[in-house]
Amino acid sequence: MIKLTIDNKEVEVEPGTTLLEAAEKIHINIPTLCYEEDLSIFGGCRLCVVETDSSDLLQPACATEAEEGMGVKTHSPRVREVRQTLFELIIASHDITCELNCLTCQRKKSCELREVAEDINISRMRLEPIYQGREKDYSSYSVAREPNKCITCDRCIRKCREVQDVGIFANSARGPETTVTTFQDKGLGNVECTNCGQCVISCPTGALHEVYHMDEVWNAIYDDSKHVIVQTAPAVRVAIAEPFGAEPGTVATGQMVEALRRLGFDGVFDTNFTADLTIMEEGTEVVERIKNNENLPVLTSCSPGWIKFIEHFYPEHLDNLSTAKSPQQMFGALARSYYAETVGVDPEDLVVVSIMPCTAKKFEARRPEMDGDVDYVLTTREAATMIKAAGIDICQLEEAEYDQLMGVSTGAGDIFAASGGVMEAALRSAYNLITGEELEELDIEPVRGLQGLKKAEVPVNSDLTLKVGVAHGLGNARKMMEMIKDGEEFHFVEFMACPGGCIGGGGQPISPYLSRKEVLERRRKGVYQIDSGKKLRRSHENPMVQKLYEDYLGQPGSHKAHKLLHTEYTPRDIH
Amino acid sequence: MVKEVEFLKGPELKNIEDYDFPGLHWALSLGPDKLIKEISEARLLGRGGAGFPTGTKWDLARQQKGDRKYFICNADEGEPGTYKDRYLMEQRPLKVLEGIIIGAYAVEANHGFIYIRGEYSRPIKIMKNIIEEAREAGVLGENIFDSGFDFNLRLVRGAGAYVCGDETALINSIEGKRGISRIKPPYPIQKGLFDQPTVVNNVESLACAAEILNKGAGEFASYGTENSRGTKLISLSGDVNYADIFEVEFGSCTLREIIEDLAGGVKGGREPKFVVPGGLSTAALTAEELDCKYSYEGIEEAGSSLGSGAIIVCRESRDLVDILLKVSRFYMDETCGTCFPCREGNRQINHMLTQHRNRTFSREEVELVEDIGEAIASAARCGLGQTSLSLISSIFDKFPHELIEEGVRT
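Going down the list, the protein sequences come from chains A and B. Residues in the first sequence are numbered from 1 upward in steps of one, following the working numbering. Residues in the second sequence are numbered from 576 upward in steps of one, following the working numbering.
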């Protein structure tokens, strides 16, 4: 152990600990912008500089290791003075003009620049902002870039490269012209971006955000000739209260339903219903394919970021994907058929809105093979913004129930939100499909949790032990694919593009005050709490899913089910 | 009268047949330990600008373990006003090559690079030739001079970025990455080129090392002062009558004597307005401050730094604002753009100077230059960044009556 003194307080740390980590240990907050847990050290913003007795220069706390006997001052007059100047410089390079575009920025509450301004108590701003005049990038259906707001902290570059192992961003030009861009400046929509939106989560400013659908949804709601229905994804309910001040992981399902009804939606439904349905279709497909030893392992298909990833990087494995549509798209297809017919709405007048923890869902809704089933996709952040703009505080609402027809779900649908959840839900039903008996122990612990790669073996009968794998975060997805290519055998593998699964989706609220890990852990607990509190925890027990098959689809995997609920994939290039 | 010395300088030496590498032979017979001891005892300081002891660097590098070790000669001579490495590569390239091989042998590196700034087409041509000839003559390659030591040297041409003169940026550039500095630690000695232990030495340092081995540490140490051993190649430029490369013994003369005796005095015969003693990244000295001894410590005492040994002389009639603008433009264009203080600071200073319409600056403007100067000097990510405002800050400091309203320092 190493002993050092930070701000007159002694602290003991492991060798290799940085000054930033050592200070955190004794609850001293050092401001940072380019630092992010889980990413490599960049040392560019220099806001974390501290005074040490071993150098005349100020040292970046993020990149300086603690040394025995070191004396560190994190808020000395010199440090505070330099931080003020640095901050002035950063702000002048960020697009804040007399138009006060902070007020129109969607990151106004979660902007890290504002957080730093508070942390260092900025008291002066002497520099004229330098307008960079860079064009916005709206080439993608999912993620937009406003480069004038970019401070070039490179967190998006590192997130995409190091965590997601995709690497669509790079720096170009040099000096003050240094910019973050995509290959040949093609724009996010024209490169192998998976639309996962993890860059948005990492961005400290409003330079990266989803392509907003809020205006379109407002217009649809205000249009009396339209019948507007909404579906809410499993991971939204444990995060949507955060922008209203609640802790991450706060379960606000009923309040959210009430808020959406007040907003003016004509029907409020649950994507968890189609999550249960996905299990019926995908589970049936898995069992069939195992029986026929056909294109194994089966790879899940609910995460649109993962789908675009495999289309770009492993197109030779597209036959391994389950053909089942994602729950969002199953909902869209059923809304325009089953729902419209049942309630007697002209599908032309029907507007289908999704609330998703996800930016890639916006792209998915525009895929040509399914275009038009889901009209608009709001992220959890956008939904919260709209609810707020309607004068509603979600935390103050009574709980309400989903509309029945497509609003009932089992715990299996709920856990789709977390990494391992799709697998666990599938196993709960596959066991029944194969054996005709019910799996007794429903909590399948080996597939739960935040570790990146998970494997489990589930004995089904004397002939069959199911070998399953789970990967979340595209970096882990790539590792899993390489394992499969190297011959590791699985029957069924779950992939989710975002670390933690959908709870960590690129469309989820951004909490500048808690560590990423802590946020994910709390949301994860919320999800499993919902599941364990439900009476029905197996998808095949969902009475409304049973009714859907009885009244409309026939059997899982039927011709009609195939037509409505299954899809195909497109091999894509790498630029 | 100050006289030049000849330790590094000499007649053109380009034909490999004319040279039998006595220093290298001697080095190979000494073995790495004694060789490093020789360089350490000579107390050779790096000539690139930072002045780190070469012997210590080699000693640390020798102790490092790695799959491969790399030895790099930094010939990305980009500090404005500096052209002594060009002189060495054009006039004494075999000495440079000899220094590289000696250094590589000392740290037990079997692979090396010489990274030459892209604009240096003549030195590139010469060094390329020499490397080829040396390979054919067995001076490079396997089992050099039957010593059992293998060394391969490759030439890499820079692409025009000033910042690649920083050793970590240079390493990135060789790897094909953006020319931006790396965070230290790890130092290149621990984890450099392709993550392997790497030594980076300046051209002049290596030529010095070759001559120390040729002529003995004794001769080298007989030159100079206690803290500045040996001689220094000075690149003189600006408003002097004879701008050229001069070699002087450390501590044997003052800056004023160098300008007057060697460079023939200031053009027009008057006192200089100011002198930049060590390249564009060092603080200016006024005409009154030129009686300091030319040595690391002498110039430091005068409030500046010996830097790369480039002396730039400015005569009285030069327009200070114009100079400030040109200097700031250089640093704005050449900051690599990675760390915020250097990137935004140099941009803001240039912006302020470009917008400037008056002859003098307001107190607020000067305060801003000071604050940005402090932020850059104490918090920029690499050495090049940290010194990027040294000259501009010093000009404001030393000519307040000309530059600041009411002539009063705030």
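By construction, the Cβ of each residue, glycine as well, lies at the ideal position given by its N, Cα and C atoms.
Bridge partners of residue i, per DSSP?
i: Thr323 (chain A); result: DSSP lists no partner for Thr323 (chain A).
i: Ile598 (chain A); result: Outside the displayed span of chain A (1 to 575) sits residue 598 (chain A), for which this structure offers no information.
i: Ser810 (chain B); result: B:Ile820, B:Ala885
i: Ala471 (chain A); result: A:Leu453, A:Phe495
i: Thr179 (chain A); result: A:Ser172
i: Cys648 (chain B); result: B:Ile689, B:Asn776
i: Thr576 (chain A); result: With chain A covering 1 to 575 only, the question about residue 576 (chain A) has no answer from this structure.
i: Phe416 (chain A); result: Phe416 (chain A) pairs with nothing; no bridge assigned.
i: Arg107 (chain A); result: Per DSSP, none; premise fails for Arg107 (chain A).
i: Ala784 (chain B); result: Bridge partners of Ala784 (chain B): none, in fact.
i: Thr52 (chain A); result: A:Val72
Looking only at C-alpha atoms, which of the options sits nearest to residue i?
i: Glu846 (chain B); options: B:Ile834, B:His686, B:Leu978, B:Ser756; result: B:Ile834
i: Gly505 (chain A); options: A:Asn121, A:Val72, A:Glu210, A:Leu20; result: A:Glu210
i: Tyr513 (chain A); options: A:Asp95, A:Ser110, A:Ser93; result: A:Ser110
i: Asp721 (chain B); options: B:Lys670, B:Glu864, B:Leu599, B:Thr657; result: B:Leu599
i: Ala734 (chain B); options: B:Leu768, B:Glu742, B:Arg753; result: B:Arg753
i: Ile764 (chain B); options: B:Asp725, B:Ala684, B:Arg956, B:Ala625; result: B:Ala684
i: Gly526 (chain B); options: B:Leu620, B:Ser604, B:Gly585; result: Coverage of chain B is limited to positions 576 through 985, which leaves residue 526 (chain B) absent and any answer about it impossible.
i: Ala796 (chain B); options: B:Gly805, B:Asn718, B:Gly960; result: B:Gly805
i: Gly167 (chain A); options: A:Glu382, A:Asp414, A:Leu474, A:Val298; result: A:Leu474
i: Glu441 (chain A); options: A:Lys485, A:Gly283, A:Ser429; result: A:Ser429
i: Val408 (chain A); options: A:Cys395, A:Glu518, A:Met70, A:Ala233; result: A:Ala233
i: Pro607 (chain B); options: B:Gly678, B:Gln923, B:Met576; result: B:Gly678
i: Glu135 (chain A); options: A:Asp270, A:Ala259, A:Thr104, A:Thr181; result: A:Thr181
i: Thr74 (chain A); options: A:Asn8, A:Asp95, A:Glu281; result: A:Asn8
i: Tyr598 (chain A); options: A:Glu438, A:Leu405, A:Val493; result: Any answer about residue 598 (chain A) is impossible in this case: the structure gives chain A only from 1 up to 575.
i: Tyr402 (chain A); options: A:Gly267, A:Gln198, A:Glu341; result: A:Gly267
i: Pro760 (chain B); options: B:Phe971, B:Cys957, B:Leu865, B:Ile967; result: B:Cys957
i: His312 (chain A); options: A:Val191, A:Val493, A:Glu282, A:Gly283; result: A:Val191
i: Arg289 (chain A); options: A:Leu321, A:Leu260, A:Lys226; result: A:Leu321
Cβ closer than 9 Å: which chain E residues qualify as neighbours of residue i?
i: Glu949 (chain B); result: As a matter of chain content, chain E is missing from the structure shown, whose protein chains are A and B.
Rounded to the nearest angstrom, how far is the Cβ of residue i from that of residue j, given a contact under 8 Å?
i: Gly507 (chain A); j: Thr379 (chain A); result: 3 Å
i: Ser965 (chain B); j: Ser856 (chain B); result: 6 Å
i: Ala61 (chain A); j: Ile2 (chain A); result: Their Cβ separation, rounded to whole angstroms, is 15 Å, which puts Ala61 (chain A) and Ile2 (chain A) out of contact at 8 Å.
i: Gly878 (chain B); j: Leu89 (chain A); result: That belief does not hold up - the Cβ atoms of Gly878 (chain B) and Leu89 (chain A) are roughly 26 Å apart, past 8 Å.
i: Val519 (chain A); j: Asp414 (chain A); result: Rounded, the Cβ-Cβ distance is 19 Å, inconsistent with contact.
i: Gly656 (chain B); j: Val850 (chain B); result: Actually they do not touch by this definition, with Cβ atoms about 11 Å apart.
i: Val823 (chain B); j: Val577 (chain B); result: 7 Å
i: Ile310 (chain A); j: His317 (chain A); result: 6 Å
i: Arg661 (chain B); j: Tyr695 (chain B); result: 6 Å
i: Gln923 (chain B); j: Ile947 (chain B); result: 6 Å
i: Cys203 (chain A); j: Ser140 (chain A); result: In fact, because the Cβ distance is near 15 Å, the residues do not count as touching under 8 Å.
i: Leu58 (chain A); j: Ala954 (chain B); result: 5 Å
i: Glu494 (chain A); j: Met423 (chain A); result: 4 Å
Problem - Positions along the segment 817-849 of chain B whose CB lies within less than 9 Å of some CB in chain A - result: The segment 817-849 of chain B vs chain A, Cβ under 9 Å: nothing.
Problem - Cβ contact (3+ pairs, closer than 8 Å) linking the segment 638-650 of chain B and the segment 707-719 of chain B - result: No contact exists between the segment 638-650 of chain B and the segment 707-719 of chain B.
Exercise for the section: With 7 Å as the C-beta to C-beta threshold (strictly closer), list the residues of the segment 23-47 of chain A near chain B in chain order. Expected result: Residues passing the 7 Å Cβ filter: Ile41, Gly43, Gly44, Cys45, Arg46.
Practice task
Specify whether the segment 142-155 of chain A and the segment 26-44 of chain A touch according to this definition: at least 3 beta carbon pairs, one from each stretch, less than 8 Å apart.
Solution key: Yes, they touch.
Problem - Touch test, the segment 137-145 of chain A against the segment 455-474 of chain A, Cβ-Cβ under 8 Å, three pairs minimum - result: As far as the Cβ criterion goes, the segment 137-145 of chain A does not touch the segment 455-474 of chain A, which means the pair count is below three.
Handout entry: At least three beta-carbon pairs within less than 8 Å, the segment 363-383 of chain A to the segment 328-338 of chain A
Key = As far as the Cβ criterion goes, the segment 363-383 of chain A touches the segment 328-338 of chain A, which means the pair count is three or higher.
Practice task
Give, in chain order, every residue of the segment 926-947 of chain B whose Cβ lies closer than 8 Å to some Cβ of chain A.
Solution key: Within the segment 926-947 of chain B, the qualifying residues are His926, Glu939, Leu943, Asp946, Ile947.
Exercise for the section: Please list the residues of the segment 894-922 of chain B that have a C-beta atom closer than 7 Å to any C-beta atom in chain A, keeping them in chain order. Expected result: For the segment 894-922 of chain B, which is checked against every Cβ of chain A, the residues closer than 7 Å are Met907, Asp908, Glu909, Thr910, Cys911, Gly912, Thr913, Cys914, Phe915, Pro916, Arg918, Glu919, Gly920, Arg922.
Practice task
Determine contact between the segment 8-24 of chain A and the segment 183-200 of chain A, defined as no fewer than three beta-carbon pairs at a distance below 8 Å.
Solution key: No: the two stretches stay apart, fewer than three of their Cβ pairs being nearer than 8 Å.
Practice task
With 8 Å as the C-beta to C-beta threshold (strictly closer), list the residues of the segment 163-189 of chain A near chain B in chain order.
Solution key: Interface annotation for the segment 163-189 of chain A against chain B: Asn171, Ala173, Arg174, Gly175, Pro176, Glu177, Thr178, criterion Cβ-Cβ distance under 8 Å.
Handout entry: Interface positions of the segment 114-127 of chain A facing chain B (Cβ-Cβ less than 8 Å), listed along the chain
Key = Cβ contacts with chain B: Arg126, Leu127.
Practice task
Give, in chain order, every residue of the segment 740-753 of chain B whose Cβ lies closer than 7 Å to some Cβ of chain A.
Solution key: Flagged, chain order: Arg753.
Exercise for the section: Assess, as a yes-or-no matter, whether the segment 167-179 of chain A is touched by the segment 119-129 of chain A under the definition of 3 or more beta carbon pairs within less than 8 Å. Expected result: At 8 Å Cβ cutoff, the stretches do not touch.
Exercise for the section: Evaluate the contact criterion for the segment 875-890 of chain B versus the segment 653-669 of chain B: three or more CB pairs, one atom per stretch, below 8 Å. Expected result: In short, these stretches touch, since the Cβ pair count reaches three.
Practice task
Pair every Cβ in the segment 289-299 of chain A with every Cβ in the segment 556-574 of chain A, then say whether three or more of these pairs are closer than 8 Å.
Solution key: Counting C-beta pairs with one atom in each stretch, the segment 289-299 of chain A and the segment 556-574 of chain A have fewer than three that are closer than 8 Å, which means they do not touch.
Exercise for the section: Give the residues from the segment 956-967 of chain B that approach chain A closer than 9 Å (Cβ to any Cβ), ordered along the chain. Expected result: Contact residues of the segment 956-967 of chain B toward chain A are Arg956, Gln961 (C-beta to C-beta distance below 9 Å).
Exercise for the section: Taking 8 Å as the threshold, find out whether the segment 349-361 of chain A comes into contact with the segment 494-504 of chain A through three or more Cβ pairs. Expected result: Cβ pair count under 8 Å is three or more, so yes.
Handout entry: Sufficient close CB pairs (3 or more, under 8 Å) joining the segment 486-497 of chain A to the segment 214-224 of chain A
Key = Cβ pair count under 8 Å is below three, so no.
Exercise for the section: Give a yes or no on contact between the segment 933-948 of chain B and the segment 974-981 of chain B, applying the rule of three or more CB pairs nearer than 8 Å. Expected result: The segment 933-948 of chain B makes contact with the segment 974-981 of chain B, as at least three CB pairs between them are under 8 Å.
Practice task
Please name the residues in the segment 207-221 of chain A whose beta-carbon is closer than 7 Å to at least one beta-carbon of chain B, in chain order.
Solution key: So the list is empty, because no residue satisfies the distance condition.
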